[in-house]
Amino acid sequence: MGTIKSMRIQVKRNQHFIALIPLYIFLCSILAALMLLWVINSTLVRILASIIIISSMMSFLSILKYRSVVTKNDQFLTNEKKCLSKTLEDRNTLLADLIPAIELLIKEDEAIKIASNSTLAALKMHGADTPVYDRLRQFANSFIIPMDSSISTIRGLSFSSSATARLAEIERRIPYVYEILKRVVLHTEQAALTLIENFSNIFENTDKAETDAHEALKSLSSANNSETSLDMLIRKSYDTVIGSRTVINDFLHLNRENGERVKKISELVTKSEELIIGIEDIAERSKLIAFNMAVESAKIGDKGRGFKVIVNELQRLNTQTTGFARDIMSIVKSFRIYNQELMDQWLVKSESLTEKVKDDSDQAELALNALTHSYELNGKLFRSVSESAIGVNKSMSEILQSLQFQDITRQQIEGAESFIKEIHEGILELETQFKNLGYSTGKISDSYNTIRSTYTPKLKVTSDHEIFDIIERRNR
Amino acid sequence: MNILNVDDSMTMRKIVTLALKGQGHTVLEAENGKLALDILPTQPIDAIILDINMPVMNGIEFLQAIKKLPVFTKIPIIVLTTQGEDALKDQALSLGAKAFMIKPFQKDDLLATLKKICP
Numbered sequence: 001m002g003t004i005k006s007m008r009i010q011v012k013r014n015q016h017f018i019a020l021i022p023l024y025i026f027l028c029s030i031l032a033a034l035m036l037l038w039v040i041n042s043t044l045v046r047i048l049a050s051i052i053i054i055s056s057m058m059s060f061l062s063i064l065k066y067r068s069v070v071t072k073n074d075q076f077l078t079n080e081k082k083c084l085s086k087t088l089e090d091r092n093t094l095l096a097d098l099i100p101a102i103e104l105l106i107k108e109d110e111a112i113k114i115a116s117n118s119t120l121a122a123l124k125m126h127g128a129d130t131p132v133y134d135r136l137r138q139f140a141n142s143f144i145i146p147m148d149s150s151i152s153t154i155r156g157l158s159f160s161s162s163a164t165a166r167l168a169e170i171e172r173r174i175p176y177v178y179e180i181l182k183r184v185v186l187h188t189e190q191a192a193l194t195l196i197e198n199f200s201n202i203f204e205n206t207d208k209a210e211t212d213a214h215e216a217l218k219s220l221s222s223a224n225n226s227e228t229s230l231d232m233l234i235r236k237s238y239d240t241v242i243g244s245r246t247v248i249n250d251f252l253h254l255n256r257e258n259g260e261r262v263k264k265i266s267e268l269v270t271k272s273e274e275l276i277i278g279i280e281d282i283a284e285r286s287k288l289i290a291f292n293m294a295v296e297s298a299k300i301g302d303k304g305r306g307f308k309v310i311v312n313e314l315q316r317l318n319t320q321t322t323g324f325a326r327d328i329m330s331i332v333k334s335f336r337i338y339n340q341e342l343m344d345q346w347l348v349k350s351e352s353l354t355e356k357v358k359d360d361s362d363q364a365e366l367a368l369n370a371l372t373h374s375y376e377l378n379g380k381l382f383r384s385v386s387e388s389a390i391g392v393n394k395s396m397s398e399i400l401q402s403l404q405f406q407d408i409t410r411q412q413i414e415g416a417e418s419f420i421k422e423i424h425e426g427i428l429e430l431e432t433q434f435k436n437l438g439y440s441t442g443k444i445s446d447s448y449n450t451i452r453s454t455y456t457p458k459l460k461v462t463s464d465h466e467i468f469d470i471i472e473r474r475n476r
Numbered sequence: 477m478n479i480l481n482v483d484d485s486m487t488m489r490k491i492v493t494l495a496l497k498g499q500g501h502t503v504l505e506a507e508n509g510k511l512a513l514d515i516l517p518t519q520p521i522d523a524i525i526l527d528i529n530m531p532v533m534n535g536i537e538f539l540q541a542i543k544k545l546p547v548f549t550k551i552p553i554i555v556l557t558t559q560g561e562d563a564l565k566d567q568a569l570s571l572g573a574k575a576f577m578i579k580p581f582q583k584d585d586l587l588a589t590l591k592k593i594c595p
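Chains as they are written, first to last, in the numbering used here: chain E, 1 to 476; chain H, 477 to 595.
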């Protein structure tokens, strides 16, 4: 903007200078001619002086023409200033008015340029090769370049008029950018802190799990020879179960042998019964013999008296034998019944007992197998927990390293913000310069509602839509 | 060990605390150099982990301030920052820092550095 202003001032100075110089030249030429007429009394000189006077008058007249153009230019510049002032009130109206004005100004400046070129052409046509004509040529030339500059300046003014409003529009968007960046920092920080809090719990629990698993592994380890270690207890239990199984097998074997023995006893008892029956039979026959002997002894009278004693004794012996046999029979029968009952009960009870003990042993073995399996699984589990804990601890370092990028991102955003801040300050500075040059922001085309409707679809994070309310509240 | 962690970022403070707490250290936190200077006389501190870019009093200002306090000059300081310029590193070390680390740091590196400066 400073360059435009200085150019405008320079154009104005050139115009004043150009406006006054023809008068000086005219006066100087007249004075020079009069001096020549007064000093040199020669016809040739008089003719020459007259030509100079006439030429000067002609130049003066033509340059007066240019002066009027310059004056017009001044008027147009004034109009332009008025038009630009109007921009402050209504940008669109101003643009509508300004563009033809600018075009007119440009046309006028171009006309001045054309007039200057015509002067140069006229001077050339008149064969003007004297110092006076050279001066005039220089004036005309010096007039052309500022006109070019003036035209470009006016075109620049047209741009500046719309740029002020655009700058203001851009400037209005910067607080939204700040707000979004602020939210990015806030949200990433919240997310990082939540992660840290949760990881902190995970790491604490992992440490605890690792310690517990280590202790558990230590107590489970077979390397630990403690009598109370689970490994040792399982081994002992296995030995006990195997021992009891051997005892049961021995017991079953012995039981079977006893059964056989009892069976043999029963057989012997049965045989004894048969023998007793035989004894009874013998006794019955002896009875009959004794009876017959008694009859025969009675027949022989006194001679058979001694024989009768023997017969009586034999009968008594038979009776005793029969009674004795019956008693033994009764005892043997009782013994057989008892033996049978004993054998039956023995077999049933011992079998059920051994079955039960065997079942218990099987159950105990199954339990021990399950316990061993569980022991092995626990060992695996504890080792796995321990290994996982080591893995988690290793991962922790990487997680902590990754989480630091939140702080790094925050600082990167702060760095970006410093750039945006400078851009913001630059825009405000440009706006001030525009104001100093007579331009103002004027009426900004987009309202807060326009910004909201334009950018809402562009903000993909719905919660970021809050920034519109925040900025509007702040500006109110 | 009692370690004072000075950083304006809450995230960084929590990360450093988490990294050190697991090793049995006690970690105290300060948001900037000035608050750290306030804490120093109230607690026995064995080491300081210091950020550079902080509001109110930055890391370099803290180092300059602590240099003037003979009671605390023996406390080993690790500078932990995102700025890795050699000039800054030289300045920090010349002001008494014992180590200079750049973010993001690795937990094991921090622990090793701590062990090195606080044997």
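Virtual Cβ for every residue (Gly too), placed ideally from N, Cα, C. Please read all numbers here as calculations on a predicted model, not as lab measurements.
Per DSSP, what are the beta-bridge partners of residue i in this structure?
i        : result
H:ALA506 : H:VAL482
H:THR557 : H:ILE578
E:ALA163 : Answer is none; E:ALA163 lacks a bridge partner.
Helix, strand or coil: which one does DSSP assign to residue i?
i        : result
E:LEU459 : coil
E:MET185 : Residue 185 of chain E is actually Val in this sequence, not Met. Reduced to three states, the DSSP call for E:VAL185 is helix.
E:GLY300 : In the sequence as displayed, the identity of residue 300 of chain E is Ile instead of Gly. If DSSP states are grouped into helix, strand and coil, E:ILE300 belongs with coil.
E:ILE471 : helix
H:ALA573 : coil
H:LEU526 : strand
E:ARG51  : Note on identity: in this sequence residue 51 of chain E is Ile, with Arg being the wrong assignment. If DSSP states are grouped into helix, strand and coil, E:ILE51 belongs with the helices.
E:MET1   : Reliability of the predicted coordinates at E:MET1 is poor, the pLDDT of 39 falling under 50, and no value is obtained from them.
H:LYS550 : coil
H:GLY500 : coil
H:PRO520 : coil
E:ASP207 : helix
E:ASP464 : helix
E:LYS232 : The residue asked about is misnamed: residue 232 of chain E is Met in this sequence, not Lys. Correct three-state label for E:MET232: helix.
E:VAL392 : helix
H:CYS594 : coil
E:ARG476 : coil
H:PRO531 : coil
Might you give, ordered along the chain, the residues of its own chain that have their beta carbon closer than 6 Å to the beta carbon of residue i, omitting 5 neighbours on each side?
i        : result
H:GLU505 : ASN481, ARG489
H:GLY509 : MET533, GLU537, PHE538
E:LYS287 : ASN318
E:PRO457 : none
Sorry if obvious, but does the Cβ on residue i come closer than 7 Å to a heavy atom of the ligand SAH?
i        : result
E:THR206 : Looking at this structure, you won't find the ligand SAH or any other ligand, since it has none at all.
Check the Cβ of residue i against every Cβ in chain H and list those closer than 8 Å, keeping chain order.
i        : result
E:PHE419 : Within 8 Å Cβ-Cβ: nothing; E:PHE419 doesn't reach chain H, min ~16 Å.
E:ASP212 : What E:ASP212 touches in chain H: nothing, since even the nearest Cβ is about 16 Å away.
E:SER374 : Neighbours of E:SER374 on chain H: none; closest Cβ ~32 Å, over 8 Å.
E:ILE196 : THR487, LYS490, ILE491, LEU494
E:PHE203 : LEU494, GLY498
E:GLN411 : ASN529, THR558
List, in chain order, every chain E residue whose beta-carbon is nearer than 9 Å to that of residue i.
i        : result
H:PRO580 : LEU400, GLN401, SER402, LEU403, GLN404, PHE405, ASP407, ILE408
I believe residue i touches residue j by the beta-carbon criterion, under 8 Å. Please report the beta-carbon distance rounded to the nearest angstrom.
i        : j        : result
E:ASN73  : E:GLU108 : 6 Å
H:THR557 : H:GLY572 : H:THR557 to H:GLY572, Cβ: 15 Å. No contact.
H:ASN478 : H:THR493 : The Cβ separation is near 12 Å, so there is no contact.
E:MET343 : E:GLY259 : 7 Å
E:ILE196 : E:LEU403 : 6 Å
E:ILE420 : E:ILE174 : 6 Å
H:VAL555 : H:LEU526 : 5 Å
E:SER219 : E:LEU230 : 7 Å
E:ASN393 : E:THR206 : 7 Å
E:VAL332 : E:SER272 : 5 Å
H:ASP566 : H:PRO531 : Rounded, the Cβ-Cβ distance is 24 Å, inconsistent with contact.
Quick one: residues in its chain with C-beta nearer than 7 Å to the C-beta of residue i, no 5 flanking neighbours on either side, listed in chain order?
i        : result
H:LYS497 : VAL503
E:GLN406 : THR188, GLU189, ALA192
E:LEU371 : ILE234
E:ILE114 : none
E:LEU430 : LEU167
E:LEU459 : HIS465
H:LEU569 : PHE576
Please list the partners that residue i has in chain H, where partner means a Cβ-to-Cβ separation under 7 Å.
i        : result
E:SER200 : LEU494
E:LEU530 : Past the edges of chain E, shown from 1 to 476, lies residue 530 of chain E, and the structure says nothing about it.
E:SER397 : GLN582, LYS583, ASP584
E:GLU189 : MET486, THR487
Spatial neighbours of residue i within its chain, please: C-beta separation below 8 Å, excluding the five flanking residues on both sides.
i        : result
H:PRO520 : ASN478
E:LEU368 : ILE234, SER237, TYR238, VAL241
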